[in-house]
Amino acid sequence: TVRVFLGLSPVPAVTDIIQKYDGNRRKVITAPPKDQTTDVYFYIMGDKTEPLLLLDFQATWCEPCKWSEPVMEQVLRHFGDRIVLEKIDIDQFPERAREFHVLSVPTFVLLRDRKEIWRYRGFDSAPAMIRMMEPLLSV
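Just so it is clear: in the sequence shown, position 19 is 21 by this note's numbering, and no numbers are missing.
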């Protein structure tokens, strides 16, 4: 099961988390926009250190962002329950992009305990991305 947080669909409050399944049978958790989405994740997870949260900053007009989707699907499948993905559209949520100092898309930011432990601008092949991230998840 691949779990994805979509920072794209507005929901009024942290307590109004909706869980559903998309057509690809990935578990999708739609959470509040803006600064609350990451907070929702940490609210759900409590004090757990895993799964880690991977922020995927993207835009609808960005072709490389579209190309990165199948790559990230493979990465998420490889890591299973150890990573949760939050997709953030920088045009809809520019404050989130500013918060994480995102200047180009796609940009991926991996968080552990609310702290950035890895960042990658652009994307690479799935095996290359997995090799970069694997040491961070085996800590």
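Glycine included, each C-beta is placed from N, C-alpha and C at the ideal position. Predicted, not measured: the structure shown is a model, and the values here were computed from it.
Taking 3 residues as the shortest admissible run, the segment 57–124 contains the following complete beta strand (DSSP E) segments, listed from N- to C-terminal end: 85–91, 109–114, 117–123.
The residues Cys67, Ser70, Lys89, Ile90, Asp91, Ile92, Val107, Pro108, in chain order, have a CB closer than 8 Å to that of Gln60 in the same chain once the five nearest residues on each side in sequence are set aside. With fewer than 16 other Cβ atoms from the protein chains shown falling within 10 Å of its own Cβ, Asp115 counts as exposed. Of the residues Thr62, Cys64, Asp58, Leu78, the one whose Cα lies closest to the Cα of Leu139 is Leu78. Where Pro137 is concerned, the enclosing alpha helix (DSSP H) starts and stops at 128–139. Proximity to Val111 across Trp63, Met74, Thr62 peaks at Met74, based on C-alpha coordinates.
Leu54 counts as buried, since no fewer than 16 other beta carbons sit within 10 angstroms of its beta carbon. The alpha-carbon separation between Arg100 and Lys117 amounts to approximately 16 Å. Of the other Cβ atoms in all chains shown, 16 or more fall within 10 Å of the Cβ of Leu87; this residue is therefore buried. The criterion of a C-beta distance shorter than 8 Å is satisfied by Gln76 and Ala128.
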